[in-house]
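The next block holds one structure in the form of structure tokens; read it before the comments.
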Amino acid sequence: MARRGKRGYIQMDDVSHPTTVETARYEEIRGSERAKQYVISEHVTDQEVAGRLMLVTKTHHMETGSILDFKNAILPFASDPMSNEPVISVSLFKENFTFAPIVIGKKPKVSDKVVYVSGAFDLFHAGHLSFLEAAKELGDYLIVGVVGDDDVNEEKGTIFPVMNLLERTLSVASLKIVDEVVVGVPPVTNEKFINLIKATKIAVYSETHPRRFAGCSQLGIIKELVPDYDATCEEILERMTSRKIASSEDDVIAMFSSVPLNNNQH
Numbered sequence: 001m002a003r004r005g006k007r008g009y010i011q012m013d014d015v016s017h018p019t020t021v022e023t024a025r026y027e028e029i030r031g032s033e034r035a036k037q038y039v040i041s042e043h044v045t046d047q048e049v050a051g052r053l054m055l056v057t058k059t060h061h062m063e064t065g066s067i068l069d070f071k072n073a074i075l076p077f078a079s080d081p082m083s084n085e086p087v088i089s090v091s092l093f094k095e096n097f098t099f100a101p102i103v104i105g106k107k108p109k110v111s112d113k114v115v116y117v118s119g120a121f122d123l124f125h126a127g128h129l130s131f132l133e134a135a136k137e138l139g140d141y142l143i144v145g146v147v148g149d150d151d152v153n154e155e156k157g158t159i160f161p162v163m164n165l166l167e168r169t170l171s172v173a174s175l176k177i178v179d180e181v182v183v184g185v186p187p188v189t190n191e192k193f194i195n196l197i198k199a200t201k202i203a204v205y206s207e208t209h210p211r212r213f214a215g216c217s218q219l220g221i222i223k224e225l226v227p228d229y230d231a232t233c234e235e236i237l238e239r240m241t242s243r244k245i246a247s248s249e250d251d252v253i254a255m256f257s258s259v260p261l262n263n264n265q266h
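Using UniProt numbering, the first residue of the sequence shown is number 1, and each one after it goes up by one.
Given below as structure tokens:
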């Protein structure tokens with residue numbers, strides 16, 4: 001490291017199956033003051049996701065209201081890494097059209113143009129990021145609605161969502177371009193909800209089903225976007241079936257072929 005002019009080494013604690021050579025390679029660095037290891041959530045490791053797919057299970061799904069119990073898990077993701085102060089607001093949408101605060105961050109100014117998007121954001125990927133970046137360019141303040149596990153599963157079936165509501169919320173809340181996250185939003189957005197959050201623009205995927213925003217069409221604020229990089233979590237799973245991602249390729253193919261894929265929601 002000194003020869004290459006590097007000041008430090010950072011590694012996450014979820015390295016999969018390190019070999020003896022790999023362990024020896026970093027042993028000296030790990031024991032020095034230059035090394036920093038970040039602990040990530042045990043619920044979002046590659047091994048955990050693979051296990052869910054292999055078992056075709058929904059046990060990782062959670063009740064939408066239980067997100068209120070995870071404030072301490074969400075707070076670091078919604079905070080500035082330097083000051084540790086909350087910068088992103090996170091709340092739970094309730095059926096009586098009120099919001100239960102989870103993290104209190106910044107709120108939109110009166111002059112801000114508020115943009116709203118919603119979706120599952122399962123297995124967060126470059127397609128999601130491209131879409132959110134394009135949405136942010138439509139205004140000043142971006143609100144992202146994350147649909148609950150039950151609603152996602154009702155539409156997509158089988159084990160979906162692969163990542164549960166907490167994990168999907170953490171993925172979105174960690175993005176600088178996001179200003180506010182609303183958890184447990186209705187899968188079908190109506191005018192009452194849009195008026196409640198004071199949105200002046202709704203950004204949607206160009207192929208999003210019209211029924212999900214049919215109740216807002218009369219507002220004239222829907223903007224269809226075509227991201228620079230488009231993908232779905234189903235496509236990612238399809239790619240994985242053609243690769244040797246475990247010791248037995250046959251086991252992996254059998255694992256994924258038991259999960260029907262339905263390309264109807266990002």
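Note that beta-carbon positions come from the ideal geometry of N, C-alpha and C, so glycine has one too.
Span of the alpha helix (DSSP H) around residue i
i	result
Lys136	Ala126 to Lys136
Glu63	No alpha helix (DSSP H) holds Glu63; DSSP gives it neither H nor E.
Leu170	Leu165 to Ala173
Lys223	Taken as a continuous stretch (DSSP letters only), Lys223 belongs to no alpha helix (DSSP H), being part of the beta strand (DSSP E) at Ile222 to Leu225.
Proximity of residue i and residue j at Cβ, strictly below 9 Å
i	j	result
Ile67	Leu165	yes
Ser118	Arg211	no
Pro186	Phe93	yes
Ile143	Val182	yes
residue 285	Glu180	For residue 285 there is no data in the structure shown, the boundaries of the chain being 1 and 266.
Cys216	Ala120	no
Ala135	Leu225	yes
Met61	Glu48	For clarity, residue 61 is His in the given sequence; the question names Met instead. Taking 9 Å as the Cβ cut-off, His61 and Glu48 do not qualify as a contacting pair.
Buried or exposed (CB count within 10 angstroms, at least 16 for buried), residue i
i	result
Glu154	exposed
Tyr229	exposed
Leu123	buried
Val114	buried
Ser206	exposed
Ser91	buried
Residue i (DSSP reduced to helix, strand or coil)
i	result
Lys244	Interpretation of Lys244 is limited by its pLDDT of 41, a score under 50 that renders its predicted location unreliable; the figure taken from the coordinates is listed afterwards. Three-state result, Lys244: coil.
Phe99	strand
Ser111	coil
Ile104	coil
Val181	strand
Gly51	helix
Distance between residue j and residue i (C-alpha atoms, nearest Å)
i	j	result
Ser111	Leu53	46 Å
Ala173	Gln218	30 Å
Asp140	Pro108	8 Å
Ile104	Ile194	20 Å
Pro76	His125	21 Å
Span of the beta strand (DSSP E) around residue i
i	result
Leu92	Ser89 to Phe93
Ile143	Tyr141 to Val147
Lys201	Lys201 to Tyr205
Ile197	Looking at the DSSP string, Ile197 is not in any beta strand (DSSP E); the run it does join, the alpha helix (DSSP H), is Glu191 to Ile197.
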